[in-house]
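Worksheet: one structure, shown below.
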Amino acid sequence: MIAETICSAVSAAGLGVAAITAYRKRFLAATRILAYALVPVALVMTGVVKWAASTAFSPVAWVGFGVLAVAWLLFMTTRAVERRRGGTRKERRAAARAARSEAVEPAASVPSLGPGSKPAARPKATPTAARPGDDFSDIEAILKKHGI
-8 MIAETICSAV
2 SAAGLGVAAI
12 TAYRKRFLAA
22 TRILAYALVP
32 VALVMTGVVK
42 WAASTAFSPV
52 AWVGFGVLAV
62 AWLLFMTTRA
72 VERRRGGTRK
82 ERRAAARAAR
92 SEAVEPAASV
102 PSLGPGSKPA
112 ARPKATPTAA
122 RPGDDFSDIE
132 AILKKHGI
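The sequence shown lines up with residues -8 to 139 when you count with our numbering.
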């Protein structure tokens, strides 16, 4: 009963503001205010206010809202984890397969310049013997392979 009275008072006040706005020759704004003022009365007439009041004081309804909140939290958590991992399991497997098929081949270290002139031949560096405690022999081999 009190909710209906409050909604009626709010609508009456909105109608008064709309009338004053129309008197000042601001008809577009007055029409918009009138539309907002009619919403509370319409909610009372359709029964939404009575339903909302009965829901607000129902413990079962509040438990239902709590369950909805938990469900929403679970959905958002799974989405966040999915984004962090890079998608669904199916997408991760496809990405792993694509990465394996695009592995670098031994001949791929030579740049593919297409048709054109070859660069000038570099003189080969003389191999230096690695000392027994020197662990750079594999790095030297890689550098020699690339002509550095």
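Positions of the beta carbon are idealized from the N, C-alpha and C atoms, including for glycine. Please read all numbers here as calculations on a predicted model, not as lab measurements.
Distance between residue j and residue i (C-alpha atoms, nearest Å)
i, j, result
"V54", "M67", "20 angstroms"
"T22", "C(-2)", "19 angstroms"
"V8", "S49", "36 angstroms"
"F18", "E73", "52 angstroms"
"A43", "A86", "50 angstroms"
"K41", "R15", "37 angstroms"
"L6", "V35", "16 angstroms"
"A89", "R80", "14 angstroms"
"V1", "L29", "9 angstroms"
"I24", "V58", "37 angstroms"
"T46", "A71", "32 angstroms"
"R91", "E131", "27 angstroms"
"A60", "P31", "27 angstroms"
"K135", "D126", "16 angstroms"
"A62", "I133", "56 angstroms"
"T12", "A52", "41 angstroms"
"F56", "T69", "20 angstroms"
"H137", "L65", "53 angstroms"
"A3", "A20", "17 angstroms"
When the options are compared against residue i, the one with the closest alpha-carbon
i, options, result
"E(-5)", "T12, L134, A33, K16", "A33"
"A26", "A62, T37, G38, A10", "A10"
"G38", "W63, M(-8), L64", "M(-8)"
Residues of its chain near residue i, where Cβ-Cβ distance is below 8 angstroms and the 5 sequence neighbours each way are ignored
i, result
"R76", "R83"
beta-carbon residue i near the ligand SAM non-hydrogen atom, thresh 8 angstroms
i, result
"A52", "Annotation note on the ligand SAM: not contained in the displayed structure, which lists no ligands."
Whole alpha helix (DSSP H) elements within the segment 24 to 53, 4-residue minimum: Taking only runs of at least 4 residues, the alpha helix (DSSP H) segments lying wholly in the segment 24 to 53 are 39 to 47.
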